[in-house]
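In my numbering, the protein residues as written are 4 to 603.
The C-beta atom is built at its ideal place from N, Cα and C for all residues, glycine as well.
The structure appears right after this line, and notes come after that.
So, in structure tokens, the structure goes:
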């Protein structure tokens, strides 16, 4: 009987121990104590705690991270996959960090450091990252490797950073910063401009004037990839676009974390003139969306400019063409479904500033946008694009662009086109920051004004083509540069034609945008001789993608014709044309149709 009681007692004790072990495994170790405690960390996280000290104070640090590879005593200690560090918010310098030289290895990948550190008065950020130094490294931690401790991600329950005061009375001067203060990018003394913390698919730019020779300090953190540009910034002269500085490998150093993270710090002397500072990001690894370990200064992902101590702040400042001068030409407050045009002449070489506001998409589709065309060559001198524009507020599709253009003497056409929704007065997707600027404007730059509106050409400012002329004598004796037919911006169920005569063998430039596939043609153009023989036609093999839907196709080329009489034609069917594209619009909706011009 006593043996049975003993066995029962042993079973109860064993069960209690089992429950205790299971609970310990499920709950994990207790949270450590300290002024700053980062624990219970998961893979692919960046943890931040910001604090302020009003006096110098000594601290002890206990931190546990992981190695990228299993430790082997016969080889050098590999890089850390997870680790902590402390950043001085005023200088942006790392004042302490875990690295392979100051850790002790415990187990296959676990790495610990215990040390002391005295911090002076100021503001600080403590960080701990668990992303690993590459996305591939982190993803190798599959279920089996994690369960059996064969990968650094299995150490997640051990990771921590604990900061404890070493003052005997425990009366620390450490005060945590609020969440708002912690997120705020410190402006810093002498800061002239900053992008702020740049996220994925973002771009920021700043145009500024320099009235006297001035020296700036640059501070930039980004991603420099070997095969493409990734996340980087630059400074260029506005008109020549000569880059005076760029965040590249030569102008930067390792920034901590992933190998591609780079930091640039240097001084740049600028002479009087106009300049553009810019920074852009791609679709991965940016602030708040890291794919691998971030740099030591995560919120500095972007570009900041500072004036040196001896610089005069009154001789530099932002340049806004709307505040610097009255526009010489203005097409603004453009409503839905409009095409406006202004023709102007340039009597001598001129430098102009173009500002445009419209609706664009990263895909390349443009719905409301402007462009400038040389009338002699019919070539576009400038056109609004996603790549060169920046956010206009209200909606991600609202964009603004400031361009600096040098023009030779000649005649030019300033154009602006809108589609059938989301324009001035009908903001279906969010009102832009400057609704009255929806359109395009030209500003003179410098003392002389060589831009003059061509008064007798105002009749050419009508909206898109509504009916093509049918004149049996139009185009007779065609001269170089003469437009034979401009039937662009065509809608559904349209048919246009133009008869013309060439007195001698000629070269014609044909630009046509329409709808076709391998199996059929729906909106397309062609040229016929007087007898009705087709001398050129728009076919799928001879066209290229025009953006948007795969059926949007474009031909832009030169054809040669002998002397004679010809007819140019273009037809559209009952769907998918100007005003009826939806989300499948081509890159230039207003070009739907055909343009034929004599060039010789």
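Reduced DSSP category for residue i - H, G, I as helix; E, B as strand; rest coil
{"i": "residue 82", "result": "coil"}
{"i": "residue 457", "result": "coil"}
{"i": "residue 87", "result": "strand"}
{"i": "residue 196", "result": "strand"}
{"i": "residue 374", "result": "strand"}
{"i": "residue 547", "result": "strand"}
{"i": "residue 485", "result": "coil"}
{"i": "residue 156", "result": "helix"}
{"i": "residue 202", "result": "coil"}
{"i": "residue 498", "result": "strand"}
{"i": "residue 585", "result": "helix"}
{"i": "residue 106", "result": "coil"}
{"i": "residue 244", "result": "coil"}
{"i": "residue 142", "result": "helix"}
{"i": "residue 318", "result": "helix"}
{"i": "residue 300", "result": "coil"}
{"i": "residue 447", "result": "strand"}
{"i": "residue 186", "result": "helix"}
{"i": "residue 592", "result": "helix"}
Alpha-carbon to alpha-carbon, residue j and residue i
{"i": "residue 338", "j": "residue 310", "result": "43 angstroms"}
{"i": "residue 580", "j": "residue 386", "result": "22 angstroms"}
{"i": "residue 584", "j": "residue 441", "result": "21 angstroms"}
{"i": "residue 300", "j": "residue 64", "result": "20 angstroms"}
{"i": "residue 465", "j": "residue 344", "result": "Bear in mind that a pLDDT of 29 at residue 465, under 50, signals an unreliable position, so the number given afterwards is only what the model happens to contain. One C-alpha to the other measures close to 7 angstroms."}
{"i": "residue 162", "j": "residue 69", "result": "8 angstroms"}
{"i": "residue 55", "j": "residue 187", "result": "14 angstroms"}
{"i": "residue 167", "j": "residue 99", "result": "15 angstroms"}
{"i": "residue 561", "j": "residue 370", "result": "28 angstroms"}
{"i": "residue 326", "j": "residue 67", "result": "55 angstroms"}
{"i": "residue 278", "j": "residue 181", "result": "37 angstroms"}
{"i": "residue 3", "j": "residue 95", "result": "Past the edges of the chain, shown from 4 to 603, lies residue 3, and the structure says nothing about it."}
{"i": "residue 319", "j": "residue 127", "result": "31 angstroms"}
{"i": "residue 390", "j": "residue 36", "result": "50 angstroms"}
{"i": "residue 598", "j": "residue 526", "result": "14 angstroms"}
{"i": "residue 529", "j": "residue 594", "result": "16 angstroms"}
{"i": "residue 558", "j": "residue 541", "result": "7 angstroms"}
{"i": "residue 220", "j": "residue 93", "result": "15 angstroms"}
{"i": "residue 322", "j": "residue 411", "result": "24 angstroms"}
{"i": "residue 330", "j": "residue 47", "result": "51 angstroms"}
{"i": "residue 587", "j": "residue 124", "result": "58 angstroms"}
{"i": "residue 158", "j": "residue 80", "result": "17 angstroms"}
{"i": "residue 433", "j": "residue 397", "result": "5 angstroms"}
Selected residue, minimal CA-CA separation from residue i, among the options
{"i": "residue 573", "options": "586, 550, 513 and 235", "result": "513"}
{"i": "residue 53", "options": "183, 227 and 274", "result": "183"}
{"i": "residue 43", "options": "506, 72 and 165", "result": "165"}
{"i": "residue 101", "options": "92, 115 and 110", "result": "115"}
{"i": "residue 210", "options": "174, 282 and 169", "result": "282"}
{"i": "residue 202", "options": "495, 292 and 235", "result": "292"}
{"i": "residue 357", "options": "534, 324 and 305", "result": "324"}
{"i": "residue 222", "options": "249, 185, 240 and 269", "result": "269"}
{"i": "residue 363", "options": "402, 47 and 543", "result": "402"}
{"i": "residue 600", "options": "534, 228, 503 and 521", "result": "503"}
{"i": "residue 355", "options": "90, 373, 139 and 405", "result": "405"}
{"i": "residue 425", "options": "171, 524 and 360", "result": "360"}
{"i": "residue 611", "options": "567, 592, 394 and 302", "result": "There is no way to answer for residue 611, as the model of the chain reaches only from 4 to 603."}
{"i": "residue 373", "options": "307, 89 and 336", "result": "336"}
{"i": "residue 535", "options": "568, 285, 143 and 109", "result": "568"}
{"i": "residue 394", "options": "492, 198, 488 and 555", "result": "198"}
{"i": "residue 589", "options": "439, 448, 518 and 430", "result": "518"}
{"i": "residue 510", "options": "106, 602 and 497", "result": "602"}
{"i": "residue 258", "options": "545, 227 and 347", "result": "227"}
{"i": "residue 544", "options": "532, 521 and 537", "result": "521"}
{"i": "residue 496", "options": "431, 577 and 430", "result": "577"}
Cβ-Cβ separation, residue j to residue i (assumed contact under 8 angstroms), whole Å
{"i": "residue 417", "j": "residue 457", "result": "About 11 angstroms separates the two Cβ atoms, so there is no contact after all."}
{"i": "residue 516", "j": "residue 596", "result": "7 angstroms"}
{"i": "residue 422", "j": "residue 340", "result": "7 angstroms"}
{"i": "residue 508", "j": "residue 565", "result": "5 angstroms"}
{"i": "residue 218", "j": "residue 272", "result": "5 angstroms"}
{"i": "residue 454", "j": "residue 332", "result": "7 angstroms"}
{"i": "residue 252", "j": "residue 246", "result": "Contact flag wrong, Cβ pair sits at about 15 angstroms."}
{"i": "residue 137", "j": "residue 261", "result": "7 angstroms"}
{"i": "residue 408", "j": "residue 443", "result": "At roughly 12 angstroms, the Cβ-Cβ gap does not stay under 8 angstroms, so residue 408 and residue 443 are not in contact."}
{"i": "residue 419", "j": "residue 349", "result": "Not a contact, Cβ separation roughly 19 angstroms."}
Any non-hydrogen atom of the ligand NAD within 7 angstroms of residue i CB
{"i": "residue 599", "result": "Looking for the ligand NAD in the displayed structure turns up nothing, as the structure carries no ligands at all."}
Pairing CB atoms from the segment 78 to 85 with CB atoms from the segment 118 to 137, are three or more of them under 8 angstroms? Under the 8 angstroms Cβ criterion, the segment 78 to 85 counts as touching the segment 118 to 137, having at least three qualifying pairs.
So, does the segment 207 to 225 touch the segment 315 to 330, judging by three or more C-beta pairs under 8 angstroms? Output reads yes: the segment 315 to 330 touches the segment 207 to 225.
Is the segment 172 to 181 touching the segment 48 to 64, taking contact as three or more C-beta pairs under 8 angstroms? Contact holds: three or more Cβ-Cβ distances are below 8 angstroms.
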